[in-house]
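**Q** This note's numbering puts the first residue of the sequence shown at 9, with every later residue one more than the last. Quick one: this structure, given as structure tokens, is what I'll be asking you about.
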Amino acid sequence: MGPSKLKEVIELVIENSPASIAVLKQRHNMHTLAGKWQGRNECHVANAGDGPVIWSCNGKVAFFEHTGSHDELFGT
Numbered sequence: 009m010g011p012s013k014l015k016e017v018i019e020l021v022i023e024n025s026p027a028s029i030a031v032l033k034q035r036h037n038m039h040t041l042a043g044k045w046q047g048r049n050e051c052h053v054a055n056a057g058d059g060p061v062i063w064s065c066n067g068k069v070a071f072f073e074h075t076g077s078h079d080e081l082f083g084t
């Protein structure tokens, strides 16, 4: 996961507009999580298989909670 791609994801999450959400879904496989991560979103930076970013949002503020590999985050 390169720093410029991660920066793009962060900027899109902060923008939180319909257009930025569409880009996150298309370019970074954004989706909602379930289980202990319920209420949070995840995307894969540049659609890479590894390198997930997890965050929650209350409409005005984004709370970035985790980034790393799937193994680090989910133990898989």
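C-beta: ideal position from N, C-alpha, C; glycine also. Only a predicted model underlies this, so the values are computations on that prediction, with no experimental measurement involved.
Would DSSP call SER64 helix, strand or coil?
**A** Looking at SER64 - three-state DSSP - the assignment turns out to be strand.
**Q** Roughly how many whole angstroms lie between the Cα atoms of SER64 and HIS39?
**A** Roughly 12 Å between the two C-alpha positions.
**Q** Just to confirm the assignment, what range does the alpha helix (DSSP H) spanning ALA30 have?
**A** Segment 26-36, the alpha helix (DSSP H) holding ALA30.
**Q** Tell me the DSSP bridge mates of HIS78?
**A** Per DSSP, none; premise fails for HIS78.
**Q** Thinking C-alpha only, which one of PRO60, HIS74, GLU50, LYS44 is nearest ILE29?
**A** Among PRO60, HIS74, GLU50, LYS44, the Cα nearest to that of ILE29 is on GLU50.
**Q** Would DSSP call ALA124 helix, strand or coil?
**A** Residue 124 lies beyond the range of the chain shown here (9 to 84); nothing can be said about it.
**Q** VAL69: buried (16+ other C-beta within 10 angstroms of its C-beta) or exposed?
**A** VAL69 is exposed by the Cβ-count criterion.
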